[in-house]
Every structure is written in structure tokens, then in C-alpha cells.
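Everything on this sheet refers to the single structure shown next.
Protein chains: 2
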Amino acid sequence: MDCAVHYWSTVDSQVQFLGTVIAMRERPSGIPEPVLTARGRATRERIVTAAADLMHARGVAGTSLDDVRAVTGTSKSQLYHYFTDKSALVGAVIQRQVQQVLSAQQPELDSIDSLAALRRWRDRVVALNCQIGYPGGCPLGRLAAELTQAERCAPAELVAGFADWEHRLAGGLRRMQERGELVAEPDPLAAGLLAALQGGLLLAQATGSPFPLEAALDLALDGVAAHVAPADPPGAATPGQRAA
Amino acid sequence: MDCAVHYWSTVDSQVQFLGTVIAMRERPSGIPEPVLTARGRATRERIVTAAADLMHARGVAGTSLDDVRAVTGTSKSQLYHYFTDKSALVGAVIQRQVQQVLSAQQPELDSIDSLAALRRWRDRVVALNCQIGYPGGCPLGRLAAELTQAERCAPAELVAGFADWEHRLAGGLRRMQERGELVAEPDPLAAGLLAALQGGLLLAQATGSPFPLEAALDLALDGVAAHVAPADPPGAATPGQRAA
DNA sequence: CTCGCAGTGGACTGCGCGGTCCATTACTGG
DNA sequence: CCAGTAATGGACCGCGCAGTCCACTGCGAG
């Protein structure tokens, strides 16, 4: 498991846990996994998809199982056939959202190797947030805010998702570092970038304007840019790379 | 979508609105305000305080009126004597949290006039988040995340609170600008700083570590520092200002 | 064909919650 | 001291919710 080697020194086990969870769905212990036919898998997918949409729109607490049932055209017994209880469904929703969020920005996220590429990722994220016409916020951020109770950190799957995300950012920064473009420790920068993104999305959704997101990412990118090495070939200046 | 329209152009009026709301409590229209005796005001305060704590710890949806009743030693009729319904109580809680959050960082927030002062504010915020032993998150951020529904922006009081907060940051940056230390538009930088703070707090609480908050603020401060004017006396370099 | 289990339908239950109502007590001003 | 109103106590209601249960259907293997 190479993703997110450390979140802050103790994340290995959690990321490992994510892999395990995805592999055997929501059975941490050795309970015999119920076999699903093609039809069963399709129904389960429908439920998770609809639940993810509803919970993103109305929140976890604001989404009842009857809502999910109505939207998916399923019956109560089916929900409890595929999930032990509501929290198990929430766990599946988290995993789905982690996957969705990361795959939606995959090309730009994983190809970061320069300030210009980082700006392309920024543009991608901004575009994603506005594509439905209004700032929808980050599914992971919303889940994290709602599911994080006092004195407890968020569900392990969510923490692992954030760690993976941040790790990919750090990977890009490390590539910049190896190319000699960046002179700074990548990890704190990656954490700062992810935080700027989350905060920007939160305020963007709260205010109904994409502006906070853009301002947050731009400021964070300025911060990263402050750690780029002065252009080695004296003449090819870095500002030439600025996109848009 | 009026909240988006007014977010930037009419921030002052929202701050004004916040004042109005506080003055006449939760009666936007001209309904005769019920007179409260000293005892009544004390009881109301107890209720709001307890509700704010509970809702911060367990979320708004996770806090029942019976919980509030039990903690405050009041009866159901008292809750409905002082508040028309639960949403009115939530509104009062929002106002209280806005006031609490801003006053907790007031000296450092309002005295920003240099990079060093900005760093003192950063340290204050970090210290506030850790003072209870674990990262508790921002009360406003948590409320915003939970109360912002799809396609709707957050409650007006919350948006006004964020606007006030950001306005004070922008004021500090403007002082830096007027002193010639900063060469950039203050407003986007203030929005970016607030977003970094919110995102950092979100991830700090989700992961149970203060690190994301520190990384987020440091990166944002690096971004601001990238816009400080090159030291006028050529020889006294800016890095000399770095605190800590 | 038929047996068995995955998949489905939907009624049912217990309860926690927001909200209502009325009776009673404690101030306060005249 | 005596209204009149603020403040309080607490029973009560209806609803929506998570979760249970049992009967039924349909598909796939032997």
C-alpha cells in the first residue's frame, strides 16, 4: 500500500484499514461476506449512489432511510439486506465519495510537477465546484464536519481519504522538489493546500459565491510559489509559466 | 442568490445587519418584543450558552431540546417562552458563537498592521484551538457546514459573521497596505486567510492533530508575505521580520 | 423440475423528538 | 396588598424515524 505513507506518523494503519475495508466492504472482522449476484450488486450501487447524493445535499442526519428508499424505488428490507444499519450505509457513502472526489481531479492531481501544473489543478478544482451552477462544497469536507464529534476525530475512512488526497499533492510537490523547482518540505505545503481548498469550499458554499475558493487557492499557490527556487538558467524566469 | 451578490460589495451593510439582529434579538419584523426581567434574561442566557456548547459538541441535529432542558435544569415551556421554536434557538446560538469567536481573538485580530502582527494573530488562533487539549474546530465553521443546505447559502447571521471576520482581516491588511508594507488588494488575501483558517480547523478536528491548522496558516502567511513590498532600505531584507 | 437462497415487498413497532397546553408560582408596579 | 404579567412545571400529542419481521418472488445449480 503505497498511498499516504504517513499522515502525521501514525496513518499507516488507517490507510491500510481503508484498503481492507474496500476489499471486503464493511466487515472488519471475519464474518462471512454475503455473496452478491449481479442484480444484487446493481441494487446496492443504486442505494449507495442515491444515499450519497441525498446526504451531500441534505446532510447525513437530514437523510432518512425512507428518503433513500423512495428515491431508489427499493424497500426497507433491501436496505437492511445490504447494510447492517444506517451507519454502515454512511460508511459505504464515505468510501464512494472519497473515490469520486479523487477520480474527478485525477489527471490534474497526479500530474503535478511544476507550478504551472499546480495551477492547472487549481483551475480544475474551481471548475468542478462550479459545474452544477452553484458552489456545492466538498462531499468529504461536509461529511467530515458533520461526522466529527467532540473529542473524536472523523471516521477512519474519511481520515484515510484526506490522507490519500494530501499524499498525492505531496507527491506532486516532491516531484517539483526533485526537479529542483521547489525548495521546501512538501508535506506541510500539501497540508496547507488541502486545507485552503477545504476552507475555500466551505466558505464558497456558505456564501453562495465561488470567490472564497479562488482566493484561498490563489493565496496558497502564492505561498507555494514563494518556495520555488530562483530560476537556475538566468534568463528563463519562472513567471513565464503563469497560466491564465 | 442575493447573498453572493452582497458578499463582497456590501459587506458593511451585513455587519450593520449583525448589529441590528443582536439589538432586537430574533425579531426581524415589528412584532412587539417581549420584555424580559433580570431573571428572565439570566435564564435565556443559560439556555443559549448550554445550547451553544451542546450544538458545538454534538451538532445541531444531534442536540435535542430535551438535552438542553436537562443540562440547564429548565422546563419545556421555558424554551418555548424564550424562543419561538428550535430554529430561533439556533439563531441565537449562531449570534453567540459569532460574538465568542471574534472576541476571543479580538486584540490580535484588530491590531494587525504588519507581517509580525499577522503572525501574532496566527499564534493566537492556533493557541485557541489547542487550549482544550484537542482540536475543537471552529464553532462557526461547524455551524456553517451543517446548516448550509444544497443550493442555499448559510443563514444570514452566519454569513454576516464571516463577513465581519474577513472584514477585520482586510482592515489589518489595508493598514499594512497604507504603511506601504503590502502591495496587493487586501480583500482576496483576507478571504484566503479566513479560508485557510477554516480549512485548517476542519482538518485539524477531523484528524485530531493541530498540524493541518498550522500548515494552512503558515502557507497562507507565506502567500501574504509574497506580496510585501521589498524592503525600501536596500540591505534590510524582509526575512528579518520573521517572528518565532 | 425443484430445491435453496438471494432478492424483494411492505406492514408493523417502539421511541425520541419538536411542539402544544394549561396550571401554578413568583415578581413588580400601583 | 392586590392585580397582572413574567416565569415555571410538566403532562401530553402526533409524527417521523431506525429498525424488525415475515411472506413472497425469481433465479441458478444440480
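These protein sequence lines map, in sequence, to chains A and B. First residue of the first sequence? That's 177 in the numbering used here, and the numbers climb one at a time after it. First residue of the second sequence? That's 177 in the numbering used here, and the numbers climb one at a time after it. All C-beta atoms, glycine included, are put in the ideal place defined by N, C-alpha and C.
Residue burial classification, residue i (beta-carbon count within 10 angstroms, cutoff 16)
i               : result
G348 of chain A : buried
T219 of chain B : buried
G423 of chain A : Not covered by the structure: residue 423 of chain A. The range shown for chain A is 177 to 420.
S279 of chain B : exposed
G249 of chain B : exposed
Q381 of chain B : buried
S205 of chain A : Note that S205 of chain A scores a pLDDT of 47, beneath 50, so its modelled location is shaky; the value from the coordinates is reported in the next line. That one is exposed.
A226 of chain B : buried
S251 of chain B : exposed
A246 of chain A : exposed
S385 of chain B : buried
V335 of chain B : buried
A214 of chain B : exposed
Q325 of chain B : exposed
R295 of chain B : buried
Same chain only: Cβ atoms within 8 Å of residue i, ignoring 5 sequence neighbours per side
i               : result
H403 of chain B : L358, V359, A360 and L365
E390 of chain B : V302 and G376
L304 of chain A : A280 and Q281
R217 of chain A : none
L255 of chain B : I223, L241, V244, R245 and L265
Cα-Cα separation, residue i to residue j
i               : j               : result
V274 of chain B : Y310 of chain A : 25 Å
S253 of chain B : V269 of chain B : 19 Å
D394 of chain B : T383 of chain A : 25 Å
E354 of chain A : L291 of chain A : 13 Å
E221 of chain A : L378 of chain A : 28 Å
V277 of chain A : D261 of chain A : 25 Å
L373 of chain A : G337 of chain B : 21 Å
D398 of chain B : I223 of chain B : 42 Å
G312 of chain B : C306 of chain B : 8 Å
A401 of chain A : C314 of chain B : 28 Å
G317 of chain B : D243 of chain A : 27 Å
A392 of chain B : H343 of chain A : 15 Å
S263 of chain A : A330 of chain B : 26 Å
A339 of chain B : A371 of chain B : 12 Å
E327 of chain A : P210 of chain B : 38 Å
H257 of chain A : A233 of chain A : 25 Å
L241 of chain B : A228 of chain B : 12 Å
L212 of chain A : A293 of chain A : 42 Å
I308 of chain A : W341 of chain A : 23 Å
Interface partners of residue i on chain A, CB under 7 Å
i               : result
P388 of chain B : A367 and A371
C306 of chain B : Those within 7 Å of C306 of chain B in chain A number zero; the least Cβ separation is about 13 Å.
A391 of chain B : P364, A367, G368 and A371
R318 of chain B : A321
Residue i Cβ short of 7 Å to the ligand SAM heavy atom set
i               : result
L255 of chain B : This structure lacks the ligand SAM; in fact it carries no ligand of any kind.
Same chain only: Cβ atoms within 6 Å of residue i, ignoring 5 sequence neighbours per side
i               : result
T239 of chain B : L230 and M231
R351 of chain B : D289
P388 of chain B : G376, L379 and A380
L369 of chain B : L345 and A396
F259 of chain A : L265
7 Å Cβ shell around residue i - same chain, five flanking residues per side excluded
i               : result
V266 of chain B : V236
A346 of chain B : P362, D363 and A366
Closer than 7 Å at the beta carbon, the chain B residues around residue i
i               : result
V302 of chain A : Within chain B, no residue comes near V302 of chain A; the closest Cβ sits about 13 Å away, beyond 7 Å.
Y310 of chain A : E327
D299 of chain A : Ordered by position in chain B, no residue passes the 7 Å Cβ test against D299 of chain A, which lies about 16 Å from the chain.
Under 9 Å from the C-beta of residue i: neighbouring residues of chain B
i               : result
V335 of chain A : A382, T383 and G384
G376 of chain A : A367, G368, A371, A372, Q374 and G375
L294 of chain A : The contacting residues do not exist; L294 of chain A stays about 13 Å from chain B at best.
A237 of chain A : G235, V236, A237, G238 and E322
L241 of chain A : Within chain B, no residue comes near L241 of chain A; the closest Cβ sits about 15 Å away, beyond 9 Å.
Chain A contact residues for residue i, given Cβ-Cβ distances below 8 Å
i               : result
R234 of chain B : Q325 and A326
G267 of chain B : What G267 of chain B touches in chain A: nothing, since even the nearest Cβ is about 16 Å away.
Chain B residues whose Cβ lies nearer than 8 Å to that of residue i
i               : result
E357 of chain A : Under the 8 Å cutoff, chain B gives no residues; its nearest Cβ is about 16 Å from E357 of chain A.
F338 of chain A : L379, A382 and T383
Chain A contact residues for residue i, given Cβ-Cβ distances below 9 Å
i               : result
A346 of chain B : Per Cβ cutoff of 9 Å: no residues; A346 of chain B is ~11 Å from chain A at best.
message = With three or more beta-carbon pairs closer than 8 Å as the criterion, would you say the region 286 to 302 of chain A touches the region 296 to 304 of chain B?
response = no
key: contact_flag[the region 315 to 325 of chain A, the region 315 to 328 of chain B] where n(CB pairs < 8 Å) is 3 or more   = yes
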